[in-house]
Every structure is written in structure tokens, then in C-alpha cells.
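> Under this note's numbering, the first residue of the sequence shown carries the number 16, and numbering increases by one thereafter. The structure that follows is given in the form of C-alpha cells.
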Amino acid sequence: MKKEKTKYKLKIPSKTDNLELIRSFVSNIAVKVGFDADETYKIELAVDEACANVVKHAYEQKHTDHQIDLVIELDVDKLVIIISDQGRGFDVKKILSKDMKEYLAEMRVGGLGIHLIKALMDDVEFISKPGASTQVKMTKYLMKNGKVEVVKKNE
Numbered sequence: 016m017k018k019e020k021t022k023y024k025l026k027i028p029s030k031t032d033n034l035e036l037i038r039s040f041v042s043n044i045a046v047k048v049g050f051d052a053d054e055t056y057k058i059e060l061a062v063d064e065a066c067a068n069v070v071k072h073a074y075e076q077k078h079t080d081h082q083i084d085l086v087i088e089l090d091v092d093k094l095v096i097i098i099s100d101q102g103r104g105f106d107v108k109k110i111l112s113k114d115m116k117e118y119l120a121e122m123r124v125g126g127l128g129i130h131l132i133k134a135l136m137d138d139v140e141f142i143s144k145p146g147a148s149t150q151v152k153m154t155k156y157l158m159k160n161g162k163v164e165v166v167k168k169n170e
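Written as C-alpha cells, this is what we have:
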């Protein structure tokens, strides 16, 4: 019989003030399952960037009753974080197809959040429909001495 994944859920208003709470929620779980300080920081930074993007872009910084839905799933060898919003969505391919050398040469501020998230996490999947909603699924594998380690769940 397959064991059910442990899930942690957080539904929180989409406000910049709540980013600290989100970071704390995520980092506490990452530490609890055995990620070291460096990997925990990477997870925290990736989640912070994704949630900041929700506040800034999905809901256009409008302080309404919009929510950020965060689900953390613990599997035997990984942490999967799913961030969802009901904002305006975006064209993922357009952002990922940017020529980075050209972008950096223009010395523009911002616009690298998705690339940062992809660099910090092991696997990242974006599901977004322009004018609709977005879901970001990020995975970080638990590694010990260069090998995937089984996550020990305290249930």
C-alpha cells in the first residue's frame, strides 16, 4: 500500500507584509525534514521570489481579498512546493525565451525572478494562462553526501 504524502497548507492574503510569514513557514518545514542551512535558504529565497511575483504581478499590488495558496508536500526524497494564485497569469514561454546576455547588457532592473527560481530549485514547473491563474511547482531533493536521502517523516 502506497503511503500518503505529508502535506502542509497555507492560505494567506497576497500582501508584501506576509512574505516574512511565508518564508518562516517554508524554512521551518525544510529544516524539520533535514535540509541544511544553505539548501533551506535557497528554498526560502525561491518561494519568496515566487510569492513576491504573485503580489506584484498577478494581483498588480492591489490590496484586496486575493490569496496566495501554498502547499508543501513531503515525499520520501524531496520537498515539493506548489504556489497558486487566481491572478492575471502570464506567458511563461515569452519570459523564459529572453536572451540573458542581451537582457543584462540593457542593465534593466528586475525581471530575473523566474530565472532565479529555476537556478535555486532542482525542478520548476510553471502552469499559467494569460488572463487566468498561475501555479508554480518547485521541487528540491534532499541530498546527503551527493546522494538523494530519504526524508524521515515525523507523523
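Don't be surprised by glycine CBs; every beta carbon is placed ideally from N, CA and C. As the structure is a computational prediction, the values presented were derived from the model and not from experiment.
Identify which residue in Leu85, Asp80, Ile27, His81 has its Cα closest to the Cα of Ala61.
Nearest C-alpha to Ala61: Leu85.
> On the CB-based measure, 16 or more other CB atoms within 10 Å of its CB, does Ile142 come out buried or exposed?
Result: exposed.
> From Asp137, Ile27, Ile132, pick the residue whose C-alpha is nearest to that of Gln101; which is it?
Residue Ile27 is the option with its Cα nearest to Gln101.
> CA-CA distance, Asp53 and Val41?
Computed Cα separation, rounded: 14 Å.
> Give the secondary structure of Leu85 by DSSP, where H, G and I count as helix, E and B as strand, and everything else as coil.
If DSSP states are grouped into helix, strand and coil, Leu85 belongs with the strands.
> Between the alpha carbons of Leu135 and Ile58, how many angstroms are there, rounded?
Rounded to the nearest angstrom, the two C-alpha atoms are 7 Å apart.
> Between Ile97, Arg103, Val48, Ala73, which lies nearest to Thr31 when the distance is taken from Cα to Cα?
That would be Ala73, whose Cα lies nearest to the Cα of Thr31.
> Let's test the definition: count the other Cβ atoms within 10 Å of the Cβ of Lys24 and tell me whether it reaches 16, buried, or not, exposed.
Exposed.
> How close, in whole Å, do the beta carbons of Val48 and Leu89 come, if the pair is a contact with beta carbons under 8 Å?
Between Leu89 and Val48 the Cβ distance is about 6 Å, and since that is below 8 Å, they are a contact.
> Count the other CB atoms within 10 Å of the CB of Asn68; is the residue buried (16 or more) or exposed (fewer)?
Result: buried.
> Could you name the residues of the same chain whose beta carbon sits closer than 7 Å to that of Val46, not counting the 5 residues immediately before and after it, in chain order?
Closer than 7 Å at Cβ, skipping near neighbours: Thr55.
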